[in-house]
Ligand SMILES: Nc1nc2c(ncn2[C@@H]2O[C@H](COP(=O)(O)OP(=O)(O)O)[C@@H](O)[C@H]2O)c(=O)[nH]1
Ligand SMILES: [Mg+2]
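Numbering (the working numbering), first residue to last: 1 to 348.
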């Protein structure tokens, strides 16, 4: 995914890179293209507006470091804002709680809940050496519980024995008892989905939540469904309260908009990506890598970072020399303050 956006922005920035100085109208022109690209990538309009406005604020009148072009500077500013929009840093599962730690998986039917449950369980068991129990609460589809049991055998993770006729909350409570008495570290609950959001689904998920107090409530959303996935995330977050999002099928040709909008619409981080049907097709969500992929310009970004670091280093050395000679004056002090302000702005 993300290729359309990357190509589109590539053309814009190629044009900018050929220019020496960057006027306000250049910035506006570039950002008009960015705006269209983001909308075409299926990013919600309010998200796009906020993004463009904050980039504009920084781009116009931003000091252009010597040895790079204004266009490269704009690329870096757009990149940094994309990273922010995507959540800043990697957010991992937070399983610091009394065992058994409950992880509840929610989402629409077919979004990849059962698959992701098994993938996460496999990773926790193999990489983090956790003792994991999985339980399917999906009584709506006849073979759903058996599907999880099959995956459990495949990844060597225990599943709760199936008792015919039990309802989701009963199953969840039984799973919790088994997890406690048999010393499991993590209990993963794979809830039932629906084709679309309805009240019965929400009530069921709320009841399971209240009965098990999950440390993590992860929404599993299909990236291919674009704006619908964003709406699903918003509603689940309002009704159930999410701690994170697992975005699946990013191996498909989905537009990147869902990933971009998810975070700002729900305020909740994307924690994991589903990258295929295999049990190890699971990745951490790295905002900087995704932003790099969207822009397709990682080389420019690192070039600017190096240029900024070099300038800062030169300035610092000059000042150090002055201080040694005792010629450090108020102007120097001011330039130090400016430097600090600049760093603060980059870091913000
Ligand atoms: N290509 C791809 N397929 C996926 C991914 N995650 C799940 N699937 C497939 O999507 C289908 C539905 O997944 P499932 O876990 O049963 O969805 P559930 O109804 O939410 O439990 C299955 O055929 C999975 O193999 C993914 O990240 N990439
Ligand atoms: Mg399922």
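Backbone N, C-alpha and C fix where the C-beta goes; we use that ideal spot for every residue, glycine too.
- Query: Are the beta-carbon atoms of residue 122 and residue 155 separated by less than 8 Å?
  - Reply: yes
- Message: Tell me which residue opens and which closes the alpha helix (DSSP H) that residue 181 is part of.
- Response: 168-181
- Alpha carbon of residue 191 to alpha carbon of residue 285, nearest angstrom: 23 Å
- Task: Note down the Cα distance separating residue 261 from residue 281, rounded to an integer number of angstroms.
- Result: 23 Å
- List in chain order: all unbroken beta strand (DSSP E) runs of 3+ residues lying wholly within the segment 183-266. 186-190, 216-222, 244-248
- Message: Quick check on DSSP: helix, strand or coil for residue 160?
- Response: coil
- Boundaries of the beta strand (DSSP E) in which residue 139 is found, first to last residue: Where residue 139 is concerned, there is no enclosing beta strand (DSSP E), given that its DSSP letter is neither H nor E.
- Query: To which residues does DSSP link residue 283 through a beta bridge?
  - Reply: 273
- Query: Hey, would you say the C-beta of residue 114 is under 7 Å away from at least one heavy atom of ligand 2?
  - Reply: yes
- Anticipated Cβ contact below 8 Å, residue 226 with residue 258, distance rounded: 5 Å
- Message: Would residue 87 and residue 220 be called neighbours here (beta carbons separated by less than 8 Å)?
- Response: no
- Query: Going by the CB atoms, is the gap between residue 215 and residue 34 shorter than 8 Å?
  - Reply: no
- Message: Given the structure, does residue 190 come close to ligand 2, in the sense that its CB is under 7 Å from one of the ligand's heavy atoms?
- Response: yes
- Report yes if the C-beta distance between residue 159 and residue 144 is below 8 Å; otherwise report no. no
- Query: If you draw a straight line from the C-alpha of residue 49 to the C-alpha of residue 251, how long is it?
  - Reply: 28 Å
- Message: Rounding to the nearest angstrom, what Cα-Cα distance links residue 169 and residue 83 in this structure?
- Response: 39 Å
- Task: Can you give me the start and stop residues for the alpha helix (DSSP H) that residue 90 sits inside?
- Result: No alpha helix (DSSP H) holds residue 90; DSSP gives it neither H nor E.
- Cβ-heavy atom distance, residue 144 to ligand 2, below 7 Å: yes
- Compare the Cα-Cα distances from residue 44 to each of 230, 73, 203, 331 and report the closest residue. 230
- Task: Please report how far the alpha carbon of residue 241 lies from the alpha carbon of residue 99, in whole angstroms.
- Result: 21 Å
- Would you check whether ligand 2 has a heavy atom nearer than 7 Å to the C-beta of residue 138? yes
- Query: Hey, is residue 111 close to ligand 1, as in C-beta under 7 Å from one of its heavy atoms?
  - Reply: yes
- Query: CB-CB under 7 Å to residue 263, same chain, minus the five flanking residues each way: which ones, in chain order?
  - Reply: 85, 86, 87, 269, 270
- Which of helix, strand or coil DSSP assigns to residue 133: strand
- Query: Across which residues does DSSP place residue 150 in a beta bridge pair?
  - Reply: None; residue 150 has no bridge partner.
- Query: Helix, strand or coil: which one does DSSP assign to residue 34?
  - Reply: helix
- Message: By the three-class DSSP mapping on this structure, what secondary structure does residue 55 have?
- Response: helix
- Message: Under 7 Å: does the beta carbon of residue 149 sit that close to some heavy atom of ligand 1?
- Response: no
- Report the partner residues of residue 101 according to the DSSP bridge assignment. 186
- Hey, quick one: how far does the alpha helix (DSSP H) through residue 60 stretch, first residue to last? Looking at the DSSP string, residue 60 is not in any alpha helix (DSSP H), and its letter there is neither H nor E.
- Task: For residue 248, count neighbouring C-beta atoms within 10 Å of its own C-beta (all shown protein chains included) and say buried if the count is 16 or more, exposed if not.
- Result: buried
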